[in-house]
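Line order of the protein sequences matches chains A and B.
The numbers in the working numbering rise by one with no breaks, and the one at position 142 of the first sequence is 218.
The numbers in the working numbering rise by one with no breaks, and the one at position 251 of the second sequence is 327.
Virtual Cβ for every residue (Gly too), placed ideally from N, Cα, C.
Please read these numbers as outputs of a predicted model, since none were measured by experiment.
2 protein chains.
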Amino acid sequence: MTRKSGDASRSTIRDVAARAGVSASTVSRVLGGVYPVSAATRGSVMRAVRELDYVADARAKAIAGAGTPTLAFVLEDITGPSFAYMAHGVEREATRLGHLCLVCSTEGDVRHELEFVEMMRAQRAAAVILVGGTADTPAYRERTRRMADSLASAGSRLVLCGRPPLDPGAPVTVIEYDNEGGAHTLVAHVLARGHRRVLFLGGRADHTTALGRERGYLAAHRARGLDPDPALVLHGDFTRDAGHRLMRQALADGLEFSAVVAATDMVAAGALTALHEAGLKVPDDVSLAGYDDIPFARDLHPALTTVHVPYEELGRLAVRTALEHTPGAPDEHLLLGTHVVVRDSVGPGPGPGPVTA
Amino acid sequence: MTRKSGDASRSTIRDVAARAGVSASTVSRVLGGVYPVSAATRGSVMRAVRELDYVADARAKAIAGAGTPTLAFVLEDITGPSFAYMAHGVEREATRLGHLCLVCSTEGDVRHELEFVEMMRAQRAAAVILVGGTADTPAYRERTRRMADSLASAGSRLVLCGRPPLDPGAPVTVIEYDNEGGAHTLVAHVLARGHRRVLFLGGRADHTTALGRERGYLAAHRARGLDPDPALVLHGDFTRDAGHRLMRQALADGLEFSAVVAATDMVAAGALTALHEAGLKVPDDVSLAGYDDIPFARDLHPALTTVHVPYEELGRLAVRTALEHTPGAPDEHLLLGTHVVVRDSVGPGPGPGPVTA
DNA sequence: TCCGTCGTGGGAACCGGTTGCTACCGGCGT
DNA sequence: ACGCCGGTAGCAACCGGTTCCCACGACGGA
Numbered sequence: 077m078t079r080k081s082g083d084a085s086r087s088t089i090r091d092v093a094a095r096a097g098v099s100a101s102t103v104s105r106v107l108g109g110v111y112p113v114s115a116a117t118r119g120s121v122m123r124a125v126r127e128l129d130y131v132a133d134a135r136a137k138a139i140a141g142a143g144t145p146t147l148a149f150v151l152e153d154i155t156g157p158s159f160a161y162m163a164h165g166v167e168r169e170a171t172r173l174g175h176l177c178l179v180c181s182t183e184g185d186v187r188h189e190l191e192f193v194e195m196m197r198a199q200r201a202a203a204v205i206l207v208g209g210t211a212d213t214p215a216y217r218e219r220t221r222r223m224a225d226s227l228a229s230a231g232s233r234l235v236l237c238g239r240p241p242l243d244p245g246a247p248v249t250v251i252e253y254d255n256e257g258g259a260h261t262l263v264a265h266v267l268a269r270g271h272r273r274v275l276f277l278g279g280r281a282d283h284t285t286a287l288g289r290e291r292g293y294l295a296a297h298r299a300r301g302l303d304p305d306p307a308l309v310l311h312g313d314f315t316r317d318a319g320h321r322l323m324r325q326a327l328a329d330g331l332e333f334s335a336v337v338a339a340t341d342m343v344a345a346g347a348l349t350a351l352h353e354a355g356l357k358v359p360d361d362v363s364l365a366g367y368d369d370i371p372f373a374r375d376l377h378p379a380l381t382t383v384h385v386p387y388e389e390l391g392r393l394a395v396r397t398a399l400e401h402t403p404g405a406p407d408e409h410l411l412l413g414t415h416v417v418v419r420d421s422v423g424p425g426p427g428p429g430p431v432t433a
Numbered sequence: 077m078t079r080k081s082g083d084a085s086r087s088t089i090r091d092v093a094a095r096a097g098v099s100a101s102t103v104s105r106v107l108g109g110v111y112p113v114s115a116a117t118r119g120s121v122m123r124a125v126r127e128l129d130y131v132a133d134a135r136a137k138a139i140a141g142a143g144t145p146t147l148a149f150v151l152e153d154i155t156g157p158s159f160a161y162m163a164h165g166v167e168r169e170a171t172r173l174g175h176l177c178l179v180c181s182t183e184g185d186v187r188h189e190l191e192f193v194e195m196m197r198a199q200r201a202a203a204v205i206l207v208g209g210t211a212d213t214p215a216y217r218e219r220t221r222r223m224a225d226s227l228a229s230a231g232s233r234l235v236l237c238g239r240p241p242l243d244p245g246a247p248v249t250v251i252e253y254d255n256e257g258g259a260h261t262l263v264a265h266v267l268a269r270g271h272r273r274v275l276f277l278g279g280r281a282d283h284t285t286a287l288g289r290e291r292g293y294l295a296a297h298r299a300r301g302l303d304p305d306p307a308l309v310l311h312g313d314f315t316r317d318a319g320h321r322l323m324r325q326a327l328a329d330g331l332e333f334s335a336v337v338a339a340t341d342m343v344a345a346g347a348l349t350a351l352h353e354a355g356l357k358v359p360d361d362v363s364l365a366g367y368d369d370i371p372f373a374r375d376l377h378p379a380l381t382t383v384h385v386p387y388e389e390l391g392r393l394a395v396r397t398a399l400e401h402t403p404g405a406p407d408e409h410l411l412l413g414t415h416v417v418v419r420d421s422v423g424p425g426p427g428p429g430p431v432t433a
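Structure, rendered in structure tokens:
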């Protein structure tokens, strides 16, 4: 009989006070918990609260100085597995630290990004986390620098998570992982197995994540004194469909290669089925490797060798580092390591001379 | 030289007013946009705004009646592909409709769910969307009913998205999709190919999504006058690892079956590699089907036949329906259809007599 | 020239909370 | 019996906005 009445108007602290026969301040104090209140008063207040099903308005609390802090993260598309893992890490750590979590998808549109950051600043978010690579142009650096400054001047903090750092001095926390290093190690492994012509299925040509991995690909070659054929690096985006399309195209074009390294496991997945469709066996006819180590990589056939990225950890660190940052302290820049996980998709390279795949 | 000074204290509307030499109300009005203000006044206000890099506090606006509405969604784990797609739909539609989006992961803990809903009520969220199946116990119905009521009495609205409906009369919007029907059609297809002993790799035994699919499995059998062996339905959870483990176990136990239907594509993926590891060929030795049609399903080898669920649409509808709901109107209950997409993973069944897989 | 009106801007109340300061109460010591 | 003190509760100011209502100045028409 606790009558949660259908009064469509939420009740205020004054309603509770009136019903309990005390003042609003007393209600506030009972609910606050620390201030000494007699048991009788507390009882009647609590009863009124229960009867009215009252919850204090979080926005009002926030404005008055109490209130749950909020943290925002902005990403391109939650649907990409690596984004999802970062988001998960962010969300977990945020709630562990007692923060609420606002999320926005930009769908890759820079204007949305700007709008969102502005909204988050209006929300007085404790930190705004920008997730995922992007085109690292002067325009990017300037725009982002401006965001960082205005966030900082509002007492908030910008975090770049898996995104290129700004010029020194920008009030920004950067958490990256080693795209180039991971790709270098991975490609070195492929090269060590005897492959000489390895196709690289990259991402968008200006995207930092893609670029980092591409640099690793190149570096691994050069470290062996090899000079990769420019025709062997292709660009698409980080989707399964792009991988599929690029691979078909490469095959149709008669490109010669004995192994393919995809910039992403998703891309690798698409490439793998294109290979299968062409009647090629992996790794017997051609080897394949990915990047990200999403859970599915194990279930591709053959199981995909790839490089593991601690995405969830990345997200967790992003929020922890951002929230621990004290205004005066130096800006942090973390670079997380990656490691390649060898599975079954890369086999030995061809014997003497390259093979026509 | 626009001096975005490092003054760590965000400026208030009064600061802007002072700098522009007008009153706070005037600033509010020029920022509001509608009220007539002379060009000169507007100019100086805007300049002050720019110089101070001022953004109005969204919480204060909200409390005063203006302000961006917010919408919250609560799910178990953003990392599951189907959750991610629903989340994406929710987020897109929410921002399209000018709402901010709060997200919480419960990690499957009911207490978290309660806490979150309470927080969202405090945030005065326009709607709270609970995403994903759960155990449909009397406790669930009562608890959720209570949430619905208290949300409703606060002028907000509870939405159940892919989650079992409550008893009639609860102020709730329900958007479901047809788990049972999809599974029925899928299993009917498997049966039609001549399979008679089909293993079902289900989810948690009390989970509504899992249960719905299991009912479909059963119903498809009965519709053919078949009586499935109870030993053929196994329970785990909706992860790749569960699928892998269950499949190994089934194989180790010497269960007889010629096809396996997994409650989820993730489960199917794990099962597939277990099958491969055991040296079994799909679909030659055993057929396999999944549920969800995640993008990866196409890249499994063989490509997985599965049932497509319009997850993103589900999320979009959830927010649209919730936000369009007017307090007096009847509660809506939508049931979205699914369809099976036939690919390569289920082949013809065995000849006379079951095969030992 | 005088008055009505329109265009503008300011004052103050209000949104729903929190909290510093003050006042009242009863109980205790001497 | 009186004064002091500690424990409680209320008043009012404040957080950062919005908006109702009113006043003031300039302008045009009679």
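Of all Cβ atoms in chain A, is any one closer than 7 angstroms to the Cβ of residue i?
i, result
"Ile251 (chain B)", "no"
"Glu167 (chain B)", "yes"
"Leu107 (chain B)", "no"
"Ser120 (chain B)", "no"
"Arg197 (chain B)", "yes"
"Phe372 (chain B)", "yes"
"Ile205 (chain B)", "no"
The beta strand (DSSP E) that contains residue i, what's its start and end?
i, result
"His415 (chain B)", "His415 to Val417"
"Glu178 (chain A)", "Reading off the sequence shown, one finds Leu at residue 178 (chain A), where the question assumed Glu. Start and end: Leu176 to Ser181."
"Glu252 (chain B)", "Val248 to Tyr253"
"Phe276 (chain A)", "Val274 to Gly278"
"His409 (chain B)", "His409 to Leu412"
How should residue i be labelled, buried or exposed, when 16 other C-beta atoms within 10 angstroms of its C-beta is the threshold for buried?
i, result
"Gly119 (chain A)", "exposed"
"Ala365 (chain B)", "buried"
"Ala307 (chain B)", "exposed"
"Pro157 (chain A)", "buried"
"Gly413 (chain B)", "exposed"
"Glu485 (chain A)", "Examination of residue 485 (chain A) is not possible in this model, given that chain A is present from 77 through 433 alone."
"Ser99 (chain B)", "exposed"
"Ser114 (chain B)", "exposed"
"Thr144 (chain B)", "exposed"
"Gln199 (chain B)", "buried"
"Glu400 (chain A)", "exposed"
"Tyr111 (chain B)", "exposed"
"Thr78 (chain A)", "Confidence at Thr78 (chain A) is low in this model, with a pLDDT of 36, below 50, so its placement is unreliable and no value can be given for it."
"Leu411 (chain B)", "exposed"
"Gly109 (chain B)", "exposed"
"Thr432 (chain B)", "Since pLDDT at Thr432 (chain B) reaches only 41, below the 50 mark, its modelled position is unreliable, and the value read off the structure follows with that caveat. Thr432 (chain B) comes out exposed."
Would you mind reading off the limits of the alpha helix (DSSP H) that contains residue i?
i, result
"Leu356 (chain B)", "First-last for Leu356 (chain B): undefined, no H or E at that position."
"Ala307 (chain A)", "Counting along the chain, Ala307 (chain A) falls outside any alpha helix (DSSP H), and DSSP gives it neither H nor E."
"Ile139 (chain A)", "Ala134 to Ile139"
"Val103 (chain B)", "Ala100 to Gly108"
"Ser226 (chain B)", "Pro214 to Ser229"
"Val113 (chain A)", "Neither: Val113 (chain A) is in no alpha helix (DSSP H) and is coded neither H nor E."
"Leu376 (chain A)", "It is not in any alpha helix (DSSP H) - Leu376 (chain A) carries neither H nor E in the DSSP assignment."
"Ile370 (chain B)", "Segment: none, Ile370 (chain B) is in no alpha helix (DSSP H) and carries neither H nor E."
Determine, using beta carbons only, whether residue i comes closer than 7 angstroms to chain B.
i, result
"Val179 (chain A)", "yes"
"Ala246 (chain A)", "no"
"Arg324 (chain A)", "no"
"Phe314 (chain A)", "no"
"Thr349 (chain A)", "yes"
"Ala211 (chain A)", "no"
"His384 (chain A)", "no"
"Arg233 (chain A)", "no"
Between residue i and residue j, how many whole angstroms is the CB-CB distance? I'm expecting something under 8 angstroms.
i, j, result
"Pro304 (chain B)", "His311 (chain B)", "About 15 angstroms separates the two Cβ atoms, so there is no contact after all."
"Arg221 (chain A)", "Leu236 (chain A)", "Actually they do not touch by this definition, with Cβ atoms about 11 angstroms apart."
"Ala96 (chain A)", "Ala124 (chain A)", "4 angstroms"
"Leu277 (chain B)", "Ala347 (chain B)", "6 angstroms"
"Ala202 (chain B)", "His175 (chain B)", "7 angstroms"
List in chain order: all unbroken alpha helix (DSSP H) runs of 4+ residues lying wholly within the stretch 146 to 198 of chain B. The qualifying runs are 157 to 172 and 186 to 198.
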